[in-house]
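*Asks:* Below are the structure tokens for one structure; questions will follow.
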Amino acid sequence: MPPPLRKTNGQGQTYSRRAGVDAIIDALVAGPRDEALRRCANADRKHAEYIPSEAILHFLRGSRLDNSDKQFELLFRLLFARVRTSLKGALPSHVYANAEDMWQSVEDDLVELIRTDRAEYQVGLDYYEVNFDSALAADRTDVLRKMGPRKARTVPLEDTVTGEIAGHVEEAAQKFFAQDPSKFADEAFRSAAYAAIDTLPDDQKQVVCLLIQGLPIYDKDPTVTTVARTLDCSEKTVRNRRNRAFETLKALLKEEYES
Amino acid sequence: MTHTHLPRLIQKEVLHAYSAEPFHDRATLEAYVARFPEHAEALADLHSELMLLPYRQEAASSSTDDAAIDRAWSLFQTGSILETKSDATARGLLAVLDPGAFLTIASAIDVNPLFLSRIRDRAVAFATIPAAFVERLSVALKVAVGDMAKELQQPPMVHAGQRFKSTQKPEAAAQISFDDAIRISHLTPEQQAKLRALVIG
């Protein structure tokens, strides 16, 4: 078994790697080093020999003990190739004018963490061994909130005369997001729906994801976590974003929606 | 859910803790939002990101990625990006500030000039400085957290005034802890309490 992680959560429990990662690390350690490096170079997630980034990071951290600078550089480059690919996909340059700056900011902080870990174990790096993709998602979220554009405000779908949201839109949107959970349990629908949701403006995306998770838009009980409270906005704003999102999703998911 | 007693954390720490949870379901999100209401929207953003991530197509690699990887490797080797490293960074992000700007930064992070001068001179051991303070300072100075942390890890500085007055080669004093710096810098009780709250137990 590879050495356990050292980072502890608020209750003093030590974090552990995801199921299966320890076994992959053990198998790679047991085999020839060249073979392990060859497999680490495979960036195709669907390939049977794909090595998760958590295992590459583990090797990277471990290589400081065997003084193999060449191996360290190779692993470092493989890992940062994956990091760059991930950043480009999640923070695309055609959406964010300063995407390159944000990519570099995330990369610089990770480099610094790895650099200092080389001299002295950095527990902060353990998060990336627990779940590399999720930790990187946290980095992206952090940098986007600090360096990204302000979220554009969704234009309401109100009737220009009455100021009310058209009843049929309100009803259809409510129905769509409150539909039978089995609909989202269907892999084909979920895959199409989530890909469509990912194209929405960030403020609508937030609302939609929280609604799908089952959070109510509003509740009189102040102890209930609602979409409006989480996003610190009014119930009406949430409804506007939801309705706008629904109109977009309905068009994008025409076939799935009608079925 | 595992984080019921986390102390006050900075945004990135909260997001990392959330990312390391085994499940990113409604119960986990609600627990984090209840525990860290000041980071609720950031958590909602990360929650969306983690939900949609598996369904996102990966970007194709390109030749420009090699340059980015070279850059990261160069940063690792040298501890700095030579092309972007400014003179200010080289001299010290706080040391180059004029007195007015120095006071502005002190005010922005709610400390007095004496405390900030101890930070500037690296008289405070980096290992004892809370990450939240480093981030707060980096935000006030508009620099990357990594650059700020890197500077604060440098050896203690002999301040210019001390260099000019000394007839012998001056040496920097031994570093003190963040907690000691809070105690001896004549901060108000409120300032001391705020700084101590940043220290993660």
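Chains as they are written, first to last, in my numbering: chain Y, 18 to 276; chain D, 183 to 383.
Where is the CB? At the ideal position from N, CA and C, for every residue including glycine.
1. Considering Cα atoms alone, identify which of Leu96/Y, His75/Y, Tyr211/Y is closest to Ala40/Y.
2. For the stretch 215-230 of chain Y and the stretch 262-270 of chain Y, state whether three or more C-beta atom pairs, one from each stretch, are separated by less than 8 Å.
3. Compare the beta carbon distance of Ile73/Y and Leu96/Y with 8 Å and say whether it is the shorter of the two.
4. Since Asp159/Y contacts Gln193/D with CB under 8 Å, what's their CB separation in whole angstroms?
5. For Ala47/Y, which of Met18/Y, Arg78/Y, Ala65/Y, Leu130/Y has the nearest alpha-carbon?
6. Please name the residue or residues paired with Ile358/D in a DSSP beta bridge.
7. Say whether chain D places a C-beta atom closer than 8 Å to the C-beta of Arg157/Y.
8. Helix or strand or just coil, what does DSSP make of Val196/D?
9. With Asp126/Y as the anchor, note down where its alpha helix (DSSP H) starts and where it stops.
10. Using 10 angstroms around the beta-carbon of Thr286/D, count the other beta-carbons present and answer buried if the total reaches 16, otherwise exposed.
11. Provide the residue span of the alpha helix (DSSP H) that contains Phe89/Y, from first to last.
12. For a cutoff of 8 Å on Cβ pairs, would you count Gly37/Y as touching chain D?
13. In the DSSP assignment, the alpha helix (DSSP H) including Pro371/D goes from what residue to what residue?
14. Give the range of the alpha helix (DSSP H) segment to which Val325/D is assigned.
15. Answer yes or no: do Ala213/D and Asp249/Y have a C-beta to C-beta separation smaller than 8 Å?
16. Quick check: the stretch 235-244 of chain D against the stretch 254-261 of chain Y, are at least 3 beta-carbon pairs closer than 8 Å?
17. Can you have a look at His368/D and say buried or exposed, based on whether 16 or more other CB atoms are within 10 angstroms of its CB?
18. Consult DSSP for Thr210/D and reduce its assignment to one of helix, strand or coil.
19. Distance cutoff 8 Å, beta carbons only. Does Asn26/Y sit that close to anything in chain D?
20. Output yes if chain D places a C-beta closer than 8 Å to the C-beta of Ile214/Y; else output no.
21. Sorted by chain position, which residues of the same chain lie with C-beta nearer than 6 Å to Phe360/D's C-beta, five sequence neighbours on each side aside?
22. Would you call Phe315/D buried or exposed, if buried means 16 or more other Cβ atoms sit within 10 Å of its Cβ?
23. Can you tell me where the alpha helix (DSSP H) holding Pro281/D begins and where it ends?
24. Pick helix, strand or coil for Leu269/Y, following the three-state DSSP scheme.
*Replies:* This is what the structure gives:
1. His75/Y
2. yes
3. yes
4. 6 Å
5. Met18/Y
6. Val306/D
7. yes
8. helix
9. 116-136
10. exposed
11. 86-107
12. no
13. 371-380
14. Taken as a continuous stretch (DSSP letters only), Val325/D belongs to no alpha helix (DSSP H), as it is neither H nor E.
15. no
16. no
17. exposed
18. helix
19. yes
20. yes
21. Val306, Thr310, Ile311
22. buried
23. 281-290
24. helix
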